[in-house]
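Q: Heads up: the protein sequence lines correspond to chains A and B, in order. Under the working numbering, the letters of the first sequence match residues -13 to 260, in that order. Under the working numbering, the letters of the second sequence match residues 412 to 677, in that order.
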Amino acid sequence: MDTLWLQVTGTLCNIACKHCFISCGPKVDRHKMLTREACVAAMDDAVARGCREIWFTGGEPFLHPEILDVLDAALARAPVGILTNGMLIDEDLATALGERFRDAPYNLEVRVSLDGATAEANDRIRGKGVFEATREGIRRLAAAGVELIVAISVLDDNAPEREEFVGLLRELGVPRPRVKWIPVFRMGREAGRQRAYEPWEVLAAEDLAAEDAAVRLMCGTGRTVTSEGVFPCPILINEPAYKLGSALGEAMGAAPVDHPACATCWQESFSCST
Amino acid sequence: MLDLGSFDKVALFGGVYNNWLALEATVADARRRGAQAVVFLGDAGGFGPHPNRSVEGLRSLPIHAIQGNYDDSVGQGLEDCQCGYTDPRDNHFAQISYDYTLANTSAEHREWLRGLPVRGELKVGGKRVRLCHGSPRRVNEFLWESTTPAGFIDHLCREEDVDLIACTHTGIHWERRLADGRGVVNVGAIGRPPNDGKRTVWYSLLEAGPNGIENRFVAVDYDWERLAREMTGEGLPPEFVETIRTGWWTTCLEILPGRERARGHH
Ligand code: SF4
Ligand code: SF4
Ligand SMILES: [Fe+2]
């Protein structure tokens, strides 16, 4: 396997976005925080299987009380990416991330989610006051020298302009703005916000005949570990039928890709990593 | 798989990107330094002017060649270079160089590119070296310094049953060795500078040493002013010419990991 996804804080998040496809929030602990020990055990297991990168997600990873220890353990083994809403990044944390970005054995990617280049556009999805807090997190990361990425959801009712985000990032002191577009997955809270998947929105068998299917899909090259077990990807962790096992060793067989979300992955050539 | 045999000293380079002047300079330098074999790890086209001149250079000299993603695309006349960019600006520029290269590579050269092997092997001082473009398992997998951890290198070397993996495709040279000497040498590219603000380009010399294979990266000066003039004359974008003149990458930046990106100017 190439990629280990760790649901470090499970479904716990400091906010509750309207488009969150795994319906995270301050009290949502369907998937609980992973202990430092559980994270390290999964990392060692994954590295023994040839893993070349580790990603932290949630929920909001920076809610984890031992996040820097877990991060150091990961960076000693492989490059690491963190998916965050950026709101909890204060001066101290930004400094700590900046040091690791420069000096850790391997690369550290910090990817901050932002769904609008203005408070109005962003907060309508992510909640009141979120834009302000995220913007300050981005400013601190940039000042600390972290070459951050901003992840932007492509919402049906708002096609955001790349140049708007690039301009905003430059204003916040980001010298080389990097953006990544995320398609919507019509699950979780997003299913109620716009619409759910229709049953017919699944991949046709002939799509998957393409020989690069395995490397094009996250589930072809990675696994996601949560407190509840091992899943093919961070998208399907709330789908019990798609749980692959309780440990990586039980979860290495081919993952079925017959969920409607798989069609989104396929059509968009989407990976949660960068 | 291409098996080149055993040597004491070999030169490896990748990513010509149509920079036929750097190709001439690199091969001359490698011969002067006593390389017994000169190996090209793929990507003849892209970016620079007059694609036929580079392929002619590669074919007329005794250079062993491995196929890169660009060579596969041009050879087969595919629609794009298979670099997998998602950023619209990167795609825009990548398509310009690809369309130019495809339109200006002769049918005979395309056939040669199409027929190149995707993997090779040679020995240096008795140690086995895997030759590939991106990684031993995928022609367009990027092996960057900051994202290729030791555990993964160990895994790849075991899977391939080799001591060293020699690759290119990223355009930036680097090397990581495990405690026992096994490792990866990414030979970089001679077609454009490694985003370091200088105009020299780099290749790799592998030599048998007392402790196994020793790698040395060698800087090559070439007539970059002439290349820049020819690029302008061919109507290639000023952004590409700027890279040749300044040593900073201006396009196709999204593939860089954060740490490598932070070292550049754009
Ligand atoms: S989308 Fe991200 S930030 Fe928003 S609730 Fe879900 S996990 Fe939290
Ligand atoms: S949603 Fe489906 S296709 Fe996408 S990574 Fe998960 S299992 Fe694979
Ligand atoms: Fe390449």
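Where a beta carbon is used, it is the ideal one built from N, C-alpha and C, also for glycine.
Output the distance between the C-alpha atoms of residue 134/A and residue 161/A, rounded to the nearest integer angstrom.
A: Locating residue 134/A in the first sequence gives position 148, where the first residue counts as 1. Locating residue 161/A in the first sequence gives position 175, where the first residue counts as 1. If I take the Cα positions, the gap works out to 10 Å.
Q: Between residue 45/A and ligand 1, is there a pair consisting of the residue's CB and a ligand heavy atom that are separated by less than 6 Å?
A: If you number the first sequence from 1, residue 45/A lands on position 59. Shortest gap from the CB of residue 45/A to any heavy atom of ligand 1: under 6 Å.
Q: Smallest Cα separation from residue 24/A: which of 230/A, 215/A, 231/A?
A: For this step, residue 24/A is matched to residue 38 along the first sequence. For residue 24/A, the nearest C-alpha among the options comes from 215/A.
Q: Taking 7 Å as the threshold (beta carbon to beta carbon), is residue 560/B in contact with chain A?
A: Within the second sequence, residue 560/B is the residue found at index 149, counting from 1. So, interface residue.
Q: Return no unless some Cβ of chain A is closer than 7 Å to the Cβ of residue 563/B.
A: By 1-based counting over the second sequence, the position of residue 563/B is 152. Yes, contact with chain A.
Q: Tell whether a beta-carbon distance below 7 Å holds between residue 261/A and residue 3/A.
A: The structure shown does not extend to residue 261/A, since chain A spans only -13 to 260, so no value can be given for it.
Q: Which ranges would you report for the alpha helix (DSSP H) in the segment 436 to 513 of chain B if only whole runs of at least 4 residues count?
A: 462 to 471, 480 to 487
Q: Taking the straight line between their C-alpha atoms, what separation do you get for residue 473/B and residue 596/B?
A: Start at 1 with the first residue of the second sequence, and residue 473/B comes out as number 62. Start at 1 with the first residue of the second sequence, and residue 596/B comes out as number 185. Distance between the alpha carbons of residue 473/B and residue 596/B is about 22 Å.
Q: Suppose only complete runs of 3+ residues qualify. What are the beta strand (DSSP E) ranges in the segment 602 to 656 of chain B, listed by chain order?
A: 612 to 620, 623 to 631
Q: Can you list the residues of chain A that residue 460/B reaches, using a CB-CB cut of under 8 Å?
A: Residue 460/B sits at position 49 when you count from the first residue of the second sequence. In chain order: nothing, as chain A lies at least about 28 Å away.
Q: In chain A, what lies closer than 7 Å to residue 604/B by C-beta?
A: For the purposes of this step, residue 604/B is taken as the residue at position 193 of the second sequence. Within 7 Å Cβ-Cβ: nothing; residue 604/B doesn't reach chain A, min ~18 Å.
Q: Closer than 6 Å: is that where the CB of residue 17/A sits relative to any heavy atom of ligand 2?
A: Counted from its first residue, the first sequence places residue 17/A at position 31. It does not: the Cβ of residue 17/A is nowhere closer than 6 Å to a heavy atom of ligand 2.
Q: Using the beta-carbon of each residue, which ones in chain B are nearer than 7 Å to residue 36/A?
A: Here residue 36/A corresponds to residue number 50 of the first sequence, with the count starting at 1. What residue 36/A touches in chain B: 563, 566.
Q: For residue -10/A, name the three-state secondary structure that DSSP assigns.
A: Against the first sequence, residue -10/A aligns to sequence position 4. Here residue -10/A sits in strand by DSSP.
Q: Using the C-alpha atoms, what's the distance from residue 253/A back to residue 83/A?
A: Reading the first sequence from its first residue, position 97 is the one you call residue 83/A. Reading the first sequence from its first residue, position 267 is the one you call residue 253/A. When rounded, the distance between both Cα atoms is 34 Å.
Q: Of all residues in the structure, which have a C-beta closer than 7 Å to any heavy atom of ligand 3, taken in chain order?
A: 426/B, 453/B, 454/B, 479/B, 480/B, 481/B, 494/B, 544/B, 545/B, 551/B, 579/B, 580/B
Q: For the alpha helix (DSSP H) holding residue 42/A, just list the boundary residues, first then last.
A: Translated into the one-based positions of the first sequence, residue 42/A becomes position 56. That residue, residue 42/A, is in no alpha helix (DSSP H); its beta strand (DSSP E) goes 39 to 43.
Q: Does the beta-carbon of residue 622/B have 16 or more other beta-carbons within 10 angstroms, so that it is buried, or is it exposed?
A: Reading the second sequence from its first residue, position 211 is the one you call residue 622/B. Counting Cβ neighbours within 10 Å, residue 622/B comes out exposed, since fewer than 16 surround it.
Q: Determine the chain B residues that contact residue 39/A at a beta-carbon separation under 7 Å, and present them in chain order.
A: As a first step, residue 39/A must be located in the first sequence, where it is residue number 53. Within chain B, the residues near residue 39/A are 558.
Q: So, for residue 553/B: in the same chain, excluding its five sequence neighbours on each side, which residues have a beta-carbon less than 7 Å away from its beta-carbon?
A: Locating residue 553/B in the second sequence gives position 142, where the first residue counts as 1. So the qualifying residues of the chain are 545, 580, 581, 666.
Q: Could you please tell me which residues of the segment 50 to 74 of chain A, in chain order, have their CB closer than 7 Å to any CB of chain B?
A: 63, 64, 65
Q: Give, in chain order, every residue of the segment 145 to 171 of chain A whose Cβ lies closer than 9 Å to some Cβ of chain B.
A: 148, 161, 162, 164, 165, 166, 167
Q: Consider the Cβ of residue 620/B: report whether some Cβ of chain A lies at a distance smaller than 7 Å.
A: Counting from 1 along the second sequence, the entry for residue 620/B is found at position 209. Judged by the 7 Å Cβ criterion, residue 620/B is not in contact with chain A.
Q: Any heavy atom of ligand 2 closer than 6 Å to the Cβ of residue 141/A?
A: For this step, residue 141/A is matched to residue 155 along the first sequence. Not under cutoff, so the answer is no.
Q: For residue 183/A, which residues in chain B fall below 9 Å Cβ to Cβ?
A: Start at 1 with the first residue of the first sequence, and residue 183/A comes out as number 197. Against chain B, a Cβ distance below 9 Å from residue 183/A picks out nothing, because the smallest value is about 23 Å.
Q: Comparing the CB of residue 71/A with every heavy atom of ligand 1, is any distance shorter than 6 Å?
A: Taking the first residue of the first sequence as position 1, residue 71/A is located at position 85. Yes, ligand 1 has a heavy atom inside 6 Å of this Cβ.
Q: Does the beta-carbon of residue 655/B, which I'm using as the reference point, lie nearer than 6 Å to any heavy atom of ligand 1?
A: As a first step, residue 655/B must be located in the second sequence, where it is residue number 244. The answer is no for residue 655/B.
Q: Roughly how many whole angstroms lie between the Cα atoms of residue 419/B and residue 476/B?
A: Here residue 419/B corresponds to residue number 8 of the second sequence, with the count starting at 1. Here residue 476/B corresponds to residue number 65 of the second sequence, with the count starting at 1. Their Cα atoms are separated by approximately 19 Å.
Q: Taking Cβ to Cβ, would you say residue 654/B is nearer than 7 Å to residue 603/B?
A: Your numbering for residue 654/B matches position 243 in the second sequence. Your numbering for residue 603/B matches position 192 in the second sequence. Result yes, Cβ atoms of residue 654/B and residue 603/B sit closer than 7 Å.
Q: Which residue's Cα is closest to the Cα of residue 174/A: 238/A, 246/A, 213/A?
A: As a first step, residue 174/A is located in the first sequence; it is residue number 188 there, counting from the start. Minimum Cα distance to residue 174/A is reached at 246/A.
Q: If the criterion is Cβ atoms closer than 7 Å, does the pair residue 51/A and residue 93/A meet it?
A: Locating residue 51/A in the first sequence gives position 65, counting from the first residue. Locating residue 93/A in the first sequence gives position 107, counting from the first residue. No, the pair does not count as a contact, with Cβ atoms beyond the cut-off.
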